[in-house]
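Quick note: the sequence shown uses this note's numbering, first residue 3, plus one each step.
Here is the structure we will look at.
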Amino acid sequence: TVVDPTDRLEEAGLVNRQPRPSDRRVNVLVLTPKGKKIREHLVERLFEPPAAFRKLPARDQARFREVILEAVAGEASRASKRR
(Lines of atoms letter the chains of each structure in order from A and count residues from 1; the text may use other names and numbers.)
(Lines give C-alpha, C1' and ligand atoms only; values in the text may rest on other atoms or scores of the structure.)
Protein backbone atom coordinates (compact mmCIF):
# COMPACT_ATOMS: atom_id res chain seq x y z
CA THR A 1 0.00 0.00 0.00
CA VAL A 2 0.95 3.65 -0.15
CA VAL A 3 0.86 4.01 3.62
CA ASP A 4 4.12 2.16 4.40
CA PRO A 5 6.41 4.25 2.14
CA THR A 6 4.57 7.39 3.24
CA ASP A 7 5.16 6.50 6.88
CA ARG A 8 8.87 6.06 6.18
CA LEU A 9 9.07 9.40 4.35
CA GLU A 10 7.28 11.10 7.21
CA GLU A 11 9.51 9.43 9.83
CA ALA A 12 12.56 10.62 7.88
CA GLY A 13 11.24 14.18 8.06
CA LEU A 14 10.80 14.49 4.29
CA VAL A 15 7.02 14.94 4.09
CA ASN A 16 4.06 15.95 6.23
CA ARG A 17 0.50 14.75 5.80
CA GLN A 18 -2.08 17.50 5.56
CA PRO A 19 -5.81 17.02 5.15
CA ARG A 20 -7.14 18.13 1.78
CA PRO A 21 -9.36 21.18 2.44
CA SER A 22 -12.07 19.99 0.04
CA ASP A 23 -12.15 16.45 1.48
CA ARG A 24 -10.69 16.02 4.94
CA ARG A 25 -10.78 12.20 4.55
CA VAL A 26 -7.89 12.55 2.08
CA ASN A 27 -4.36 13.47 3.10
CA VAL A 28 -2.04 15.44 0.84
CA LEU A 29 1.70 14.94 1.14
CA VAL A 30 3.69 18.15 1.46
CA LEU A 31 7.47 18.28 1.28
CA THR A 32 9.23 19.59 4.35
CA PRO A 33 12.22 21.93 3.96
CA LYS A 34 14.46 18.85 4.24
CA GLY A 35 12.41 17.09 1.54
CA LYS A 36 12.60 20.15 -0.73
CA LYS A 37 16.37 20.28 -0.36
CA ILE A 38 16.70 16.63 -1.34
CA ARG A 39 14.32 17.12 -4.29
CA GLU A 40 16.41 20.05 -5.55
CA HIS A 41 19.56 17.94 -5.34
CA LEU A 42 17.92 15.04 -7.19
CA VAL A 43 16.61 17.30 -9.96
CA GLU A 44 20.08 18.79 -10.43
CA ARG A 45 21.57 15.30 -10.65
CA LEU A 46 18.89 14.20 -13.10
CA PHE A 47 20.17 16.67 -15.69
CA GLU A 48 23.86 16.15 -14.94
CA PRO A 49 25.58 14.06 -17.61
CA PRO A 50 27.31 10.88 -16.41
CA ALA A 51 31.05 11.12 -15.73
CA ALA A 52 31.88 8.92 -18.73
CA PHE A 53 29.98 11.32 -21.00
CA ARG A 54 31.77 14.37 -19.57
CA LYS A 55 35.11 12.73 -20.41
CA LEU A 56 34.27 12.66 -24.13
CA PRO A 57 35.58 15.44 -26.36
CA ALA A 58 33.09 18.30 -26.80
CA ARG A 59 32.59 17.40 -30.47
CA ASP A 60 31.58 13.84 -29.56
CA GLN A 61 29.25 15.07 -26.82
CA ALA A 62 27.53 17.40 -29.29
CA ARG A 63 27.12 14.64 -31.89
CA PHE A 64 25.74 12.26 -29.27
CA ARG A 65 23.13 14.86 -28.26
CA GLU A 66 22.17 15.35 -31.92
CA VAL A 67 21.70 11.62 -32.45
CA ILE A 68 19.60 11.25 -29.31
CA LEU A 69 17.41 14.23 -30.25
CA GLU A 70 16.93 12.83 -33.76
CA ALA A 71 15.95 9.45 -32.34
CA VAL A 72 13.48 10.99 -29.89
CA ALA A 73 11.96 13.19 -32.61
CA GLY A 74 11.62 10.20 -34.92
CA GLU A 75 9.93 8.11 -32.24
CA ALA A 76 7.56 10.96 -31.37
CA SER A 77 6.64 11.28 -35.03
CA ARG A 78 5.94 7.54 -35.32
CA ALA A 79 3.90 7.56 -32.12
CA SER A 80 1.72 10.42 -33.35
CA LYS A 81 1.03 8.54 -36.61
CA ARG A 82 -0.12 5.46 -34.66
CA ARG A 83 -2.81 7.46 -32.87
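C-beta: ideal position from N, C-alpha, C; glycine also.
Remember, it's a predicted structure, so these values are computed and weren't measured experimentally.
Which residues DSSP lists as bridging Pro21, in chain order: Residue mapping note: residue 21 aligns to position 19 of the sequence shown, counting from 1. When DSSP reads this structure, Pro21 sits in a beta bridge with Asn29.
Contacting residues, own chain, Cβ-Cβ under 8 Å from Val28 (five flanking each side not counted): Mapped onto the sequence shown, residue 28 falls at position 26. Contacts found: Pro21 and Arg22.
Length of the line joining the Cα atoms of Arg19 and Arg47: If you number the sequence shown from 1, residue 19 lands on position 17. If you number the sequence shown from 1, residue 47 lands on position 45. Spanning the two alpha carbons is a distance of roughly 27 Å.
Separation of Glu42 from Val4, as counted between CA atoms: In the sequence shown, counting from the first residue as 1, residue 4 sits at position 2. In the sequence shown, counting from the first residue as 1, residue 42 sits at position 40. Their Cα atoms are separated by approximately 23 Å.
Supposed contact pair Gly15 and Lys36 - C-beta distance, whole angstroms, cut 8 Å: The residue labelled residue 36 in the question sits at position 34 within the sequence shown. The residue labelled residue 15 in the question sits at position 13 within the sequence shown. Yes, Lys36 and Gly15 are in contact; Cβ-Cβ is about 5 Å, under 8 Å.
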